[in-house]
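What follows is a set of notes on a single structure, which appears directly below.
2 protein chains.
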Amino acid sequence: MAGIFKNKDAGFYVDGILAGDMSILSRAITLVESQNPLHQKLSQKIIDGVIGHTGSSFRLGITGVPGVGKSTFIETFGKEVISQGHKLAVLAIDPSSSKSKGSILGDKTRMEGLSTLNNVYIRPSPSGGTLGGVTRATHETILLCEAAGYNFIIVETVGVGQSEITVSKITDFFLLLMLAGAGDELQGIKRGIMEMADALIITKADGVNVERAKAARAEYAHAMHLLQAPESGWNARAQVCSSVDNTGIKEVYTMLTEYKQFVINTGYFIHKRNSQQYEMLITNLDEQLKQTFYSSPMVKKRLEEIKNNSSGIPIHPFSVIQALLSEFFKSQGRY
Amino acid sequence: MAGIFKNKDAGFYVDGILAGDMSILSRAITLVESQNPLHQKLSQKIIDGVIGHTGSSFRLGITGVPGVGKSTFIETFGKEVISQGHKLAVLAIDPSSSKSKGSILGDKTRMEGLSTLNNVYIRPSPSGGTLGGVTRATHETILLCEAAGYNFIIVETVGVGQSEITVSKITDFFLLLMLAGAGDELQGIKRGIMEMADALIITKADGVNVERAKAARAEYAHAMHLLQAPESGWNARAQVCSSVDNTGIKEVYTMLTEYKQFVINTGYFIHKRNSQQYEMLITNLDEQLKQTFYSSPMVKKRLEEIKNNSSGIPIHPFSVIQALLSEFFKSQGRY
Numbered sequence: 001m002a003g004i005f006k007n008k009d010a011g012f013y014v015d016g017i018l019a020g021d022m023s024i025l026s027r028a029i030t031l032v033e034s035q036n037p038l039h040q041k042l043s044q045k046i047i048d049g050v051i052g053h054t055g056s057s058f059r060l061g062i063t064g065v066p067g068v069g070k071s072t073f074i075e076t077f078g079k080e081v082i083s084q085g086h087k088l089a090v091l092a093i094d095p096s097s098s099k100s101k102g103s104i105l106g107d108k109t110r111m112e113g114l115s116t117l118n119n120v121y122i123r124p125s126p127s128g129g130t131l132g133g134v135t136r137a138t139h140e141t142i143l144l145c146e147a148a149g150y151n152f153i154i155v156e157t158v159g160v161g162q163s164e165i166t167v168s169k170i171t172d173f174f175l176l177l178m179l180a181g182a183g184d185e186l187q188g189i190k191r192g193i194m195e196m197a198d199a200l201i202i203t204k205a206d207g208v209n210v211e212r213a214k215a216a217r218a219e220y221a222h223a224m225h226l227l228q229a230p231e232s233g234w235n236a237r238a239q240v241c242s243s244v245d246n247t248g249i250k251e252v253y254t255m256l257t258e259y260k261q262f263v264i265n266t267g268y269f270i271h272k273r274n275s276q277q278y279e280m281l282i283t284n285l286d287e288q289l290k291q292t293f294y295s296s297p298m299v300k301k302r303l304e305e306i307k308n309n310s311s312g313i314p315i316h317p318f319s320v321i322q323a324l325l326s327e328f329f330k331s332q333g334r335y
Numbered sequence: 336m337a338g339i340f341k342n343k344d345a346g347f348y349v350d351g352i353l354a355g356d357m358s359i360l361s362r363a364i365t366l367v368e369s370q371n372p373l374h375q376k377l378s379q380k381i382i383d384g385v386i387g388h389t390g391s392s393f394r395l396g397i398t399g400v401p402g403v404g405k406s407t408f409i410e411t412f413g414k415e416v417i418s419q420g421h422k423l424a425v426l427a428i429d430p431s432s433s434k435s436k437g438s439i440l441g442d443k444t445r446m447e448g449l450s451t452l453n454n455v456y457i458r459p460s461p462s463g464g465t466l467g468g469v470t471r472a473t474h475e476t477i478l479l480c481e482a483a484g485y486n487f488i489i490v491e492t493v494g495v496g497q498s499e500i501t502v503s504k505i506t507d508f509f510l511l512l513m514l515a516g517a518g519d520e521l522q523g524i525k526r527g528i529m530e531m532a533d534a535l536i537i538t539k540a541d542g543v544n545v546e547r548a549k550a551a552r553a554e555y556a557h558a559m560h561l562l563q564a565p566e567s568g569w570n571a572r573a574q575v576c577s578s579v580d581n582t583g584i585k586e587v588y589t590m591l592t593e594y595k596q597f598v599i600n601t602g603y604f605i606h607k608r609n610s611q612q613y614e615m616l617i618t619n620l621d622e623q624l625k626q627t628f629y630s631s632p633m634v635k636k637r638l639e640e641i642k643n644n645s646s647g648i649p650i651h652p653f654s655v656i657q658a659l660l661s662e663f664f665k666s667q668g669r670y
């Protein structure tokens, strides 16, 4: 962190976020995404500082293969969300960018209309790190956005297997976008992903495509009927929409409202949120336990010795592990 | 562990394994696969006891989608391996069986000819547990088999994404079986998997299929030429074979011999083995660190309280984590 943000403490960020300052929010998210231990410590204090102001948004996960029209859907649907009086944040999970260091939202031409509106905050995917790390960062980013007053959060993911599972772990509702007639295989949609979806929306239902989209909707509605019902008790739906004609968009919003009411009534909403919060705690606990261990100079030194062992004497891995853990715990007790 | 094996100590297993006793070997592998902490402790002592007698086998990973003919290939190829004077062990990794509790090698009709031969040990996939756990167990099973005198180990995996990465982590050579003309898409083969392969074998090159298989071989040879070269410096090859006609099988064995000589000469063989051994140590270290932490009665009690928190007071996750870690470390220092 450079410039005017240098040496600011957690209180500075907490105050700025609670005041809805987008620039301070962005900087705090950068801290959350950082792998620098000092940044991580600071971001943890910030999250603890705002946690009482989180949890108030509707968290929508959206997935679908490239070409399905995710950006244009979010652009059109986002405007509907804004028109309903919400403050909207759009975040992205893209584990493939972890490798290429690119970002699916980095392209400035995407969501151009939406990004210029008031009450909209768009945040590209964090680059670098493992999928687990990206998930953790996105979950924490949701909390920061909520504290800054964003009460509708869209988490976008690209369709690459594992990331759908993680997005469903940190959102309230999982929306799967599909094309009519492209075939399940081509769209990389596996049964498991359809089973996770709370709704399936056929996009590009416009022009000559309308009838095909409707036919596909009926087919998918039937297929989803055969699948295992989601844990929530909600009956997954299939709908059509056109981002270009702006048809079916309001209906998606209405469906989400119905869903929220349904799961609030059944108690599933708060149950799922609590589980997610607990899971985040365990993930962070695991991470910090490991960090405490592996950052110990004694552990580092011993592991370096083991790695460079070229004595020809075979290492007895489990004796080594026991000795290392016991030495570490003894050294911790001293403080 | 019931019956005559009850209350046997590590020394009993170590002696039995080193004497090549298949029944004791099987029981030791069951301990390695067990999630019971007592079994795990015992299995760790067994591994430490035999570790000086491990590392002497050639470890071959084989993958390919269902229908490619993995079983018949392993049956035919396994006989070639035996005829070259080896003792052969065939293990399986099947993460999908973690869910269904089934096992791809559970079917008794598979590899019938091979399983009746002397010097062959066939072990079905461990059921239950995470992919990480299955990988760890398979790696440790390799060590036990080596200690029992098996000097050629085949690790079979089904083609489901993540498991290929793990099999390539615990073997010396990664063999990808493919069908001619079935198309990459249908075979679920992604570029990443082809990049990991040290060789690609077109199966079922017999009867009317011979020409098609040869054409596919040429195509794949070209495609692999364009891919990134493996870290080993070995140029990945494409060959054809027929398990039914027993053609191309000896050639696979010859190729493996050439590979082994190549990587021994370059030093890559021992380098990869050392990395694998170190990675296994770290995996186990992570696991035992977590186990020590989460099995602490204090930690269990505090986590239960957090999970059941319905006070309405928001939990400050990172303060909770800091407090929990610090309390835990203090309690450890006391012993």
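These protein sequence lines map, in sequence, to chains A and B. First residue of the first sequence: 1, per this note's numbering; consecutive thereafter. First residue of the second sequence: 336, per this note's numbering; consecutive thereafter. Every residue gets a Cβ at the ideal spot worked out from N, C-alpha and C, and that includes glycine. Note that the structure is a prediction, hence the values are computed from the model and not measured.
Using beta-carbon positions only, say whether residue i and residue j come within less than 7 Å of one another.
i, j, result
"R59 of chain A", "T283 of chain A", "no"
"A424 of chain B", "I359 of chain B", "no"
"G233 of chain A", "T266 of chain A", "yes"
"G448 of chain B", "S578 of chain B", "no"
"G384 of chain B", "A345 of chain B", "yes"
"V134 of chain A", "I93 of chain A", "yes"
"H374 of chain B", "A482 of chain B", "no"
"A571 of chain B", "A532 of chain B", "yes"
"L91 of chain A", "T141 of chain A", "yes"
"I417 of chain B", "L452 of chain B", "yes"
"F12 of chain A", "R27 of chain A", "no"
"E251 of chain A", "Q261 of chain A", "no"
"Q44 of chain A", "F653 of chain B", "yes"
"Y278 of chain A", "K642 of chain B", "yes"
"I386 of chain B", "H316 of chain A", "yes"
Establish whether the CB of residue i and some CB of chain B are separated by less than 7 Å.
i, result
"S100 of chain A", "In this prediction, S100 of chain A scores a pLDDT of 38, lower than 50, which makes its location untrustworthy; the coordinate-derived value is nonetheless stated afterwards. S100 of chain A does not count as touching chain B."
"F269 of chain A", "no"
"Q288 of chain A", "yes"
"I51 of chain A", "yes"
"F73 of chain A", "no"
"F329 of chain A", "yes"
"K108 of chain A", "Note that K108 of chain A has pLDDT 42, beneath the 50 cutoff, so the model's placement of it is unreliable and the number below is only indicative. So no, K108 of chain A is outside the interface."
"N284 of chain A", "yes"
"D48 of chain A", "yes"
"F5 of chain A", "no"
"L281 of chain A", "yes"
"I104 of chain A", "Only weak support exists for where I104 of chain A lies, its pLDDT of 44 falling under 50; the value from the coordinates is given anyway. So, not an interface residue."
For residue i and chain A, any beta-carbon pair shorter than 7 Å?
i, result
"I489 of chain B", "no"
"P372 of chain B", "no"
"S432 of chain B", "Reliability of the predicted coordinates at S432 of chain B is poor, the pLDDT of 45 falling under 50, and the value obtained from them is presented with this limitation in mind. It does not; no Cβ of chain A falls within 7 Å."
"G527 of chain B", "no"
"Y348 of chain B", "no"
Judging by CA-CA distance, which residue of the options is the nearest neighbour of residue i?
i, options, result
"K422 of chain B", "B:C480, B:E640 and B:M633", "B:C480"
"L511 of chain B", "B:R637, B:Q626, B:S631 and B:V400", "B:V400"
"T582 of chain B", "B:I457, B:T451 and B:T538", "B:T538"
"H557 of chain B", "B:R608, B:E566 and B:M529", "B:M529"
"K607 of chain B", "B:F508, B:Y588, B:V575 and B:A534", "B:F508"
"M22 of chain A", "A:F77, A:N119 and A:Q35", "A:N119"
"F77 of chain A", "A:C241, A:V263 and A:K260", "A:C241"
"P230 of chain A", "A:Q277, A:E251, A:S34 and A:S168", "A:S168"
"V634 of chain B", "A:L303, A:L289, A:P297 and A:Q332", "A:L289"
"I170 of chain A", "A:L143, A:G192 and A:M178", "A:L143"
Give me the chain A residues within the contact set of residue i, using Cβ-Cβ distance strictly less than 9 Å, ordered along the chain.
i, result
"L511 of chain B", "None at all; the shortest Cβ gap to chain A is about 19 Å."
"Q379 of chain B", "P317, F318, S319, I321 and Q322"
Kindly examine the ligand GDP and report whether one of its heavy atoms sits closer than 6 Å to the Cβ of residue i.
i, result
"L324 of chain A", "For the ligand GDP, the structure offers nothing, since it holds no ligand at all."
Please list the partners that residue i has in chain A, where partner means a Cβ-to-Cβ separation under 7 Å.
i, result
"K642 of chain B", "Y278"
"K539 of chain B", "None at all; the shortest Cβ gap to chain A is about 23 Å."
"S654 of chain B", "D48"
"T627 of chain B", "L325"
So which residues on chain B does residue i lean against when the C-beta distance must stay under 7 Å?
i, result
"H139 of chain A", "Chain B residues near H139 of chain A: none, gap ~10 Å exceeds 7 Å."
Any contact between the region 619-633 of chain B and the region 654-664 of chain B? By contact I mean 3 or more CB pairs, one from each, below 8 Å.
Result yes; three or more Cβ-Cβ pairs closer than 8 Å.
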